[in-house]
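In full-length UniProt numbering, the protein residues as written are 1 to 592. Encoded as C-alpha cells, the structure appears first; notes follow it.
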Amino acid sequence: MYTPSSSALKLKPYTQISTVQSNDYLKTQNERSKHNLYFNIQENKQDDYTDESQFQSNVEVLFKYHKNKENLARLRLQTSNDVRMKKANKSREKINNNKDEQAELEETKYLKYSKKEFRIKSRNNQIKPLLIKDQQNKMNSLLLLRQPSTKAQFTYVVEPGNNSELIKKILMKRSWITEMKQNSTSWNFKWKPTSSGLHYDELTKIGTKKQSTNHIQFHSEISSKAKLFTNLTYYAKTVDEQAQFIIPSSFLLNLDSESLTDELDEFFDLFLTVQNSTALENIWLLKPTDTNRGRGIKLFNKLEQFMTYMQGYGKNGLIREKLIKLGVINENDIIQNYKQSQVYEQYNTKNLQNKSKKIAGGKQLIIQKYLENPLLITNRKFDMRIWVLIDQDLQYYVFKEGYIRLSSEIYNLDSQNLNNIFIHLTNNAVQKTSQNYGKYENGNIISYKQMKDILSEQKPNISFDQILNQIKQCIMYSMTAAEKKLTKRVNNNTFEIFGYDFMVDQQGEVSLIEINSNPCLEESNQLLSTLIPRMLNDAFRLTIDKIFSASTSYSESISNKSKSLFYISSIDYPVEGYNSYENLWELIGQLI
C-alpha cells in the first residue's frame with residue numbers, strides 16, 4: 001500500500017505550494033500531488049474502499065491518468081461527492097429502518113481551483129434537512145429553521161415594558177425576521193406586555209402577510225381571577241366537583257350587580273362560622289380581579305376591617321347596614337377600625353398607592369381564604385411560579401423549570417403583623433421594596449433543585465415530584481374548565497405564556513392562587529437570567545418558528561441534535577441538566 005514519504009506527510013491537504021527555487025521542488029512535485037490525492041480519498045473512503053490494495057491501485061491509476069491539475073481538481077470533487085452521496089443514501093436507509101435515529105445530514109462540499117490553491121466552500125443552496133425522530137422528547141420536538149441567504153421576509157414589533165429588550169435580543173437571532181418601528185402597521189409578529197388594543201378579527205391569517213401575537217383572544221377566561229373562579233365553580237357543579245378544591249375557598253363580589261347582597265350574605269355566614277371555631281385564625285384576602293404583582297391585595301380577620309377596605313369601592317354603606325343587623329358592629333367600632341386600617345398603608349409601596357384609584361374603580365372583587373398553614377422554607381412563606389404555554393394549535397405545555405419566591409420576613413400570624421405585606425405577599429414586585437430583600441437568597445428566589453434538596457433534608461415526608469404532579473393536575477383543571485371559552489378565538493396564529501402561582505401547605509397539598517397573563521420577565525438574579533431567556537426561546541421555537549415556516553420555502557426539520565449553523569436551537573441559553581437541542585416545554589394537554 002502506498003505510504004507518503006515523510007516530506008510529503010508534513011504537507012496539509014489542499015495547501016498551496018509556495019515557489020521553491022531548487023531542483024528538489026521538481027522532484028517532489030509528483031509526490032506532493034500523489035499525497036494530496038491519497039489524503040482526499042483516504043479521508044472519505046470508510047466503507048467504500050475496504051480492500052486496501054484496491055484502494056492503493058485506484059490512487060496510482062487515477063494519478064497517472066489525471067496529471068493535469070485541472071483534471072485532478074475535478075477528480076477530487078467527483079470522488080468526494082460520490083463518497084458523500086453514498087454515505088447520505090446509507091443514512092437515509094438507516095432512518096427508514098429505524099436503525100439509527102442519530103443520523104445527520106452532511107453538507108456537500110466542493111473544491112474550486114483558483115490561483116493554485118483549493119478553497120472549500122459550503123454548498124448551502126443544496127442542503128436538504130432530514131426529519132429525524134426526537135428520541136429525548138417526542139412531545140416537544142425541536143423546530144429548526146434554515147436561515148435564508150436573502151433578506152428577511154417577515155417583520156416584528158416589540159412594544160416596551162416587562163424586559164422587552166430581552167425579547168428583541170432573542171428575536172434578532174432569527175435572520176428570517178427583522179424589527180420594525182413601533183408605529184408600523186405592516187408587521188407579522190407583535191409582542192405586547194398586555195393584550196390591550198389588539199383587534200383579533202383584523203389579524204391576517206394566511207400567506208406571507210399572516211400576523212401573530214403573544215396573546216390569545218380569550219386569555220382572560222383563566223387570567224382574570226373572577227372568570228377563573230366562575231369557570232372552575234361551574235365546572236365543579238356540572239362535571240367534576242374536584243375542580244373547586246384546586247383553589248382556596250373563594251367568593252366573587254359583583255359590585256354593580258343586584259346579586260351583591262346575596263354574595264355578601266353567603267360570605268358573612270361562612271366567616272362567622274369559622275370565627276366561632278378554634279381551628280382557624282379566620283384570615284381572608286380581598287383581591288381586585290384584574291390586577292397582578294400584589295396590587296390592591298388586603299388582609300383582614302375582622303368584618304369591621306373588611307367594611308373599611310370596601311370604602312374605596314363605594315360599598316361600605318351596604319356592608320355597614322348588614323353588619324349592624326348581624327350585631328357584629330356598632331358606630332364606635334366603625335370609627336375605631338377606620339383608624340386601625342391606616343396601618344396597612346405604611347407598608348404599602350408608593351407605586352401601589354398611585355394605583356389605588358385605578359384599583360378602586362373595579363367592578364368585581366374576590367374574597368379568598370388565606371392559607372394559614374403554609375409549608376415554610378427557613379421559617380418564611382413562599383410560592384411557586386410556573387410558566388405555562390398555550391400554542392397556536394391549542395396545545396398547552398408546562399416549562400420543566402420554574403422558581404420559588406420567598407418572603408423577606410419570618411412568618412407569623414400575629415394581629416399586629418397581619419398587614420405586613422413583606423410577611424404575607426411573596427410577589428417580587430412587593431418584596432423588592434423590603435429592607436431585607438436579598439438577605440437570605442439572591443433576589444429572594446431559589447431553584448427547583450434547591451427546594452428539592454431542602455425538602456429531602458427537612459421534610460422527607462413531602463415529595464417534590466408529587467408537588468409537581470399536583471401542579472400539572474391543577475393546570476389541566478384550569479384549562480379544561482375554560483376550554484369552550486378559550487377555543488372561541490377567531491385567529492389561530494396566536495399563543496400565550498402564563499405565569500401560574502401555587503402555594504403548598506404543611507401536608508404537601510397544592511393550591512392554585514392565581515394565573516397571570518403578563519408574567520414578570522425581569523432577570524433579577526442569576527437563576528432568572530438563565531431560565532427566562534431559555535423559556536422564551538424554546539416557546540418561540542414551538543410558536544412563531546412554526547407559524548411562519550409554513551408560509552415560506554424555508555426547510556423545517558425536527559431533530560434532537562444538529563451541528564449545522566443553519567438551524568435554530570437554544571445553544572445560547574444553556575440550562576444545567578439539559579442539552580441545548582432539547583425543548584424544555586413539556587406538552588401536558590390539548591384544548592378541543
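Beta carbons: idealized from backbone N, C-alpha and C, even for Gly. Model, not experiment: these values are computed from the prediction.
Cα-Cα separation, residue i to residue j
{"i": "LYS210", "j": "PRO193", "result": "21 angstroms"}
{"i": "LEU286", "j": "GLU221", "result": "20 angstroms"}
{"i": "GLY296", "j": "PRO288", "result": "6 angstroms"}
{"i": "LEU468", "j": "GLY327", "result": "46 angstroms"}
{"i": "THR233", "j": "LEU425", "result": "25 angstroms"}
{"i": "ASP414", "j": "LEU389", "result": "39 angstroms"}
{"i": "LEU264", "j": "SER478", "result": "26 angstroms"}
{"i": "ARG534", "j": "GLY312", "result": "42 angstroms"}
{"i": "GLN473", "j": "ASP465", "result": "13 angstroms"}
{"i": "ASN492", "j": "LEU536", "result": "20 angstroms"}
{"i": "ILE532", "j": "GLU523", "result": "7 angstroms"}
{"i": "LEU228", "j": "ASN183", "result": "34 angstroms"}
{"i": "SER223", "j": "ASN292", "result": "10 angstroms"}
{"i": "GLY161", "j": "ASN276", "result": "47 angstroms"}
{"i": "LYS363", "j": "ASP290", "result": "10 angstroms"}
{"i": "ASP572", "j": "MET180", "result": "24 angstroms"}
{"i": "GLU159", "j": "LEU203", "result": "17 angstroms"}
{"i": "LYS268", "j": "ARG320", "result": "Correcting the residue type first, residue 268 is Phe in the shown sequence and not Lys. So the alpha carbons of these two residues sit roughly 12 angstroms apart."}
{"i": "ARG380", "j": "THR185", "result": "48 angstroms"}
{"i": "LYS138", "j": "LYS400", "result": "Bear in mind that a pLDDT of 40 at LYS138, under 50, signals an unreliable position, so the number given afterwards is only what the model happens to contain. When rounded, the distance between both Cα atoms is 15 angstroms."}
{"i": "ASN412", "j": "GLN392", "result": "45 angstroms"}
{"i": "GLN342", "j": "PHE382", "result": "Model confidence at GLN342 stands at a pLDDT of 48, short of 50, so the residue's coordinates are unreliable; what they give is reported in the following sentence. The alpha-carbon atoms of GLN342 and PHE382 are separated by roughly 26 angstroms."}
{"i": "ILE515", "j": "GLN244", "result": "16 angstroms"}
{"i": "ILE471", "j": "GLN242", "result": "14 angstroms"}
{"i": "GLU586", "j": "ILE246", "result": "21 angstroms"}
{"i": "LYS459", "j": "SER195", "result": "42 angstroms"}
Proximal residues to residue i (C-beta, below 8 angstroms), its chain only, five neighbours per side dropped
{"i": "LEU280", "result": "VAL274 and GLU372"}
{"i": "ILE377", "result": "ILE404, LEU406, ILE446, MET451 and ILE454"}
{"i": "GLY197", "result": "none"}
{"i": "PRO519", "result": "ARG385, TRP387, ILE497, PHE498 and GLY499"}
{"i": "LEU260", "result": "LEU253, ASN254, LYS315 and LEU318"}
{"i": "LYS439", "result": "SER408"}
{"i": "THR230", "result": "LEU252"}
{"i": "TRP187", "result": "THR155, TYR156, VAL157, MET180 and GLN211"}
Closest by C-alpha distance to residue i, when choosing among the options
{"i": "GLN450", "options": "GLY438, GLY402 and ILE471", "result": "GLY402"}
{"i": "THR543", "options": "GLU457, TYR396, THR426 and LEU468", "result": "TYR396"}
{"i": "GLU483", "options": "TYR235, ASN379 and ILE462", "result": "TYR235"}
{"i": "ILE177", "options": "ASN183, LYS227 and SER212", "result": "SER212"}
{"i": "SER569", "options": "GLN153, GLY161 and ARG174", "result": "ARG174"}
{"i": "SER517", "options": "LYS225, PHE189, GLU179 and VAL158", "result": "LYS225"}
{"i": "GLN526", "options": "GLU304, TYR578 and GLU441", "result": "GLU441"}
{"i": "ILE216", "options": "ILE532, ARG489 and ASN417", "result": "ARG489"}
{"i": "PHE271", "options": "GLN368, GLY161 and ASN417", "result": "GLN368"}
{"i": "ASN282", "options": "THR291, LYS322, GLU321 and TYR370", "result": "TYR370"}
{"i": "LEU591", "options": "LEU486, VAL510, ILE515 and GLY508", "result": "LEU486"}
{"i": "ILE461", "options": "ARG380, GLU509 and ILE515", "result": "For the sequence presented, residue 461 should be read as Asn rather than Ile. When only C-alpha atoms are compared, the closest one is GLU509."}
{"i": "ASP538", "options": "GLU159, ILE170 and GLU165", "result": "ILE170"}
{"i": "ASP240", "options": "THR494, ALA481 and THR185", "result": "ALA481"}
{"i": "GLY294", "options": "GLU582, ASN427, GLN470 and GLU457", "result": "ASN427"}
{"i": "LEU394", "options": "PHE382, THR530 and THR494", "result": "THR494"}
{"i": "ILE167", "options": "GLU582, LEU521 and THR530", "result": "LEU521"}
{"i": "ASN583", "options": "GLU165, SER195 and VAL398", "result": "VAL398"}
{"i": "ASN163", "options": "SER463, LYS459 and LEU528", "result": "LEU528"}
Chain-order list of residues whose beta-carbon lies under 7 angstroms from that of residue i (same chain, five-residue window excluded)
{"i": "PHE300", "result": "TRP284, LEU286, PHE306 and TYR309"}
{"i": "GLU576", "result": "none"}
{"i": "MET476", "result": "ILE588 and GLY589"}
{"i": "THR437", "result": "Strictly speaking, residue 437 in this sequence is Tyr, with Thr absent from that position. Cβ within range, chain order: SER408, GLN431 and ASN444."}
{"i": "ALA152", "result": "SER175, TRP176, ILE177 and THR178"}
{"i": "GLU266", "result": "PHE251"}
{"i": "THR530", "result": "VAL575"}
{"i": "TYR448", "result": "GLU401 and GLY402"}
Contacts around residue i, its chain only, beta-carbon distance under 6 angstroms, and the 5 residues preceding and following it disregarded
{"i": "residue 607", "result": "Residue 607 is absent from the structure shown; the chain starts at 1 and stops at 592."}
{"i": "LYS325", "result": "none"}
{"i": "PHE548", "result": "PHE154"}
{"i": "ILE513", "result": "ASP501 and MET503"}
{"i": "SER434", "result": "SER408 and PHE422"}
{"i": "LEU418", "result": "LEU299"}
Expected contact under 8 angstroms - CB spacing of residue i and residue j to nearest Å
{"i": "HIS219", "j": "GLU496", "result": "5 angstroms"}
{"i": "LYS205", "j": "VAL157", "result": "Not a contact, Cβ separation roughly 18 angstroms."}
{"i": "ILE366", "j": "SER250", "result": "6 angstroms"}
{"i": "SER511", "j": "PRO248", "result": "5 angstroms"}
The ligand HEM heavy atom lying under 6 angstroms from the CB of residue i
{"i": "PRO574", "result": "Annotation note on the ligand HEM: not contained in the displayed structure, which lists no ligands."}
Take every Cβ of the region 485-504, pair it with every Cβ of the region 252-265, and state whether three or more of those distances are shorter than 8 angstroms. Cβ pair count under 8 angstroms is below three, so no.
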